[in-house]
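A short write-up of the structure that comes next.
In the UniProt record's numbering, the protein residues as written are 1 to 247.
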């Protein structure tokens, strides 16, 4: 039986409360039993893929959902808008917008700056701002395929697929060697339920950029839907190259 006449032990420096010790025992040591830790939001985010540049053939602009206007949350393009991005991408987009606006302020007739601003606003999901920039570019150079393509993209993102098909068709006729415009036309025709037209546009885009995996996938998907197996074996044997992975 314990001797109750002895004084109770006084806490010494370095001792810790029982609940603190228990909590520490429940906390895994670094690197042991902690499981997978989620990375901060946006930590592994890659900037959105670029859009056709007004002065060079474009890489593929990616695919938008059928109702892209509803999916175009202010994130970010394209682009094609939508998913949330990390702070670095937002800062980069903000800086690009500032640079373009400064260039336009210095030279309001800078057609390329207006086209690039339209791309940036559309990639950010701001359809109204993208349309304003695209219309300004079209005023500077009427019937220019790059400006028409951006207006077509505006209509596509707004869900006006028939108008988008018309505008992008005009742009593709004016710039038949532009794979990005051909790809956008395929997307617009696809959403307008023109399967034959979409497949033809994808075939055209693939002929212009045969090593681009995304364009090849679009063409194969639509030829399969139409049970059109033309050149499928040759496409399967052709090596594909992702330019973004070989920079």
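Every residue gets a Cβ at the ideal spot worked out from N, C-alpha and C, and that includes glycine. Since this is a predicted model, take the numbers as computed values, not measurements.
_What would DSSP say about residue 126, mapped onto helix, strand or coil?_
coil
_On the CB-based measure, 16 or more other CB atoms within 10 Å of its CB, does residue 156 come out buried or exposed?_
buried
*Can you grab the Cα-Cα spacing for the pair residue 161 / residue 168, in whole Å?*
10 Å
*Mind checking residue 218: buried by the 16 CB within 10 Å criterion, or exposed?*
buried
*Thinking C-beta only, is residue 208 closer than 8 Å to residue 177?*
yes
*Could you have a look at residue 165 and say whether DSSP puts it in helix, strand or coil?*
helix
_Does any residue of chain D have a CB that is nearer than 8 Å to the CB of residue 152?_
No chain D is present in this structure, which holds just one protein chain.
*Burial state of residue 205 (16 or more Cβ within 10 Å)*: buried
*Sequence-distant residues of the same chain with beta carbon closer than 7 Å to residue 110, five excluded per side*: 103 and 104
*Could you give the distance in angstroms between the alpha-carbon of residue 182 and the alpha-carbon of residue 107?*
31 Å
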